[in-house]
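Protein sequence lines correspond, in order, to chains A and B.
Residue 193 is where the first sequence starts when you use our numbering, and the numbers rise one by one after that.
Residue 13 is where the second sequence starts when you use our numbering, and the numbers rise one by one after that.
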Amino acid sequence: MARMIRLTALLIAVLLPAAALAAPARYQLQVDGLACPFCAYGIEKELKATDGVTGIDIDINAGTVTVTMEEGAAMTEARAAQVVEDAGFTLGAFNEIAAAADATAE
Amino acid sequence: MAHGRRNGAGGRLGGFAVLCLLIGVAARASAAPETFNTALPVARGEFVFREQFVYRRASGDSTPADRELEVLGAVSVLGYGVMPDLAVFGVLPVLDKELDVTPPAGGRVTRATRGIGDAQLFARYTLFKRNFRGGSFRVAPFAGLELPSGDNDARDALGRLPAPLQLGSGSWDPFGGVVATYQTLDFQVDAQLAYKANTEADGFEFGDEARFDASLQYRLWPRRLEGGVPGFLYGVLESNLIHQGRNEVAGAEDGDSGGTTWLVSPGLQYVTKRWILEGIVQLPAVQDLNGSALEDDFTVRAGFRVNF
């Protein structure tokens, strides 16, 4: 029984970090110039055409676009800047969000 | 006989810019003006399609001809973002024009024409932009050409229709201008200066047109923004100051054409991420037209835009 408990604890200790490492990357883009709904589509269309992007959430009031990537994929700041510029706007800030990993850890 | 000047009943239409119906019904985007252009961007590779339905009425003729003009139009616009700062647009109107007139011999006559009008092609380039959190300021010159795709030789039982009643001008007419846009989450202001050089065709030349347009769009709803991309309802107030020179017939100026008009236009616009619904009424605040040129009663415009 004690051996089973130790084995289970060992498995949890190994799998937990692995799960955290495999969590999809998320990024928050601050988009300067975005101020109305119709304009938001241009950014969304560009992001959907980007490899690895699985989710896009736009908050027009905050001027942010949260991008979720598929597992193992990443977005660079250069690519984010290109997408935003192609839509006619300017990338104000680019940050990777650790929320997906935090949720797994809980 | 110089056509377009006198050709039986309805010959003296006065030629006030029935064709100027089309200019400024152009492109784009967002909470953009309804009666002229905006400097807001069209994303690279993005299309914007706009359809605007127009009803224009002009009556109250003080001459014995007692002219009454009605114009119905469906104006299609397709815009494409070539680069973030460069967009191209095509405009194609379909028009139904009808003029009721009392000829010198008495009675009442209706002269009408229906079909495709003169198309427009133009490009707009963002010369200056400043993006900031929650807004932007842009300045964009534009230039293009109006093509003689509309029939300018329509006839009825009374002969050739007067030039202003024709679907097209028969001429290649360049135009250009500059538009500036200041936009925030709460409101948008646009202003435009534009000029169209009308050229001669078949002995007739419409007067050149110069205009100054301004628009204010104010977000009425939602009053408070939270997350996501909600639809915005804008209240719109626009101003169009238009001066048209006198028409020329066989090189001679038509004293009953041209003049200056100031239109004040209240409207509404509902804007979502993928589509826009809008409507506006253009009311003449000032009409200083030459001679017996026919004055406008009002113009109603309503339509939609989609992006893809």
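Heads up, the beta-carbon is just placed ideally off N, CA and C, and yes, glycines get one too.
Chain B within 8 Å of residue i, Cβ atoms only
| i | result |
| --- | --- |
| I248 (chain A) | no |
| E288 (chain A) | no |
| E262 (chain A) | no |
| D243 (chain A) | no |
| I197 (chain A) | no |
| T258 (chain A) | no |
| A279 (chain A) | yes |
| K237 (chain A) | yes |
| A232 (chain A) | yes |
| A272 (chain A) | no |
| A227 (chain A) | yes |
Neighbour-count burial assignment, residue i, 16 or more Cβ in a 10 Å radius
| i | result |
| --- | --- |
| I197 (chain A) | exposed |
| V298 (chain B) | exposed |
| A270 (chain A) | exposed |
| R68 (chain B) | buried |
| G129 (chain B) | buried |
| P234 (chain B) | exposed |
| K109 (chain B) | buried |
| P116 (chain B) | exposed |
| F140 (chain B) | exposed |
| G119 (chain B) | exposed |
| M261 (chain A) | buried |
Closest Cα partner of residue i within the set the options
| i | options | result |
| --- | --- | --- |
| R231 (chain B) | A:R218, A:A201, A:A227 | A:A227 |
| D243 (chain A) | A:A201, A:T268, A:L203, A:E277 | A:T268 |
| I292 (chain B) | B:S227, B:G279, B:D300, B:A131 | B:G279 |
| E238 (chain B) | A:Q274, A:G255, A:R218 | A:G255 |
| F320 (chain B) | B:P76, B:P45, B:G93, B:N49 | B:G93 |
| N164 (chain B) | B:A264, B:R223, B:E212 | B:E212 |
| W151 (chain B) | B:R236, B:D112, B:E158, B:Q195 | The sequence given here has Val at residue 151 (chain B), not Trp. Nearest C-alpha to V151 (chain B): B:Q195. |
| G91 (chain B) | B:G303, B:G85, B:A99 | B:A99 |
| E263 (chain A) | A:R218, A:L202, A:L203 | A:R218 |
| N75 (chain B) | B:A314, B:V318, B:L306, B:A262 | The sequence given here places Thr at residue 75 (chain B); Asn does not occur at that position. Among B:A314, B:V318, B:L306, B:A262, the Cα nearest to that of T75 (chain B) belongs to B:L306. |
| T47 (chain B) | B:S277, B:G147, B:N302, B:V318 | B:S277 |
| G102 (chain B) | B:F144, B:F61, B:L84, B:R123 | B:F61 |
| D78 (chain B) | B:R136, B:L111, B:R313 | B:L111 |
| G271 (chain B) | B:E221, B:Y246, B:T311 | B:E221 |
Chain A within 8 Å of residue i, Cβ atoms only
| i | result |
| --- | --- |
| Q132 (chain B) | no |
| A39 (chain B) | Here A39 (chain B) scores only 41 on pLDDT, less than 50, and its place in the model is too uncertain to base an answer on. |
| I288 (chain B) | yes |
| S42 (chain B) | Residue placement at S42 (chain B) is poorly supported in this model, since its pLDDT is 49, which falls under 50; the coordinates still yield a value, given next. Judged by the 8 Å Cβ criterion, S42 (chain B) is in contact with chain A. |
| N259 (chain B) | no |
| Q195 (chain B) | yes |
| S227 (chain B) | no |
Whole-number beta carbon distance between residue j and residue i, since they are thought to touch under 8 Å
| i | j | result |
| --- | --- | --- |
| V191 (chain B) | Q204 (chain B) | 4 Å |
| A175 (chain B) | A279 (chain A) | No, A175 (chain B) and A279 (chain A) are not in contact; Cβ-Cβ is about 44 Å, not under 8 Å. |
> Whole alpha helix (DSSP H) runs in the segment 140-174 of chain B with 4 or more residues, listed along the chain?
Replying inline: none
> Counting only runs that start and end within the segment 48-127 of chain B, where is the beta strand (DSSP E) found for 3 or more residues in a row?
Replying inline: 59-70, 80-95, 98-113
>> What ranges does the alpha helix (DSSP H) occupy inside the segment 206-289 of chain A, keeping only unbroken runs of at least 4 residues that lie completely in it?
In response: 229-240, 269-278
> Counting only runs that start and end within the segment 285-313 of chain B, where is the alpha helix (DSSP H) found for 4 or more residues in a row?
Replying inline: none
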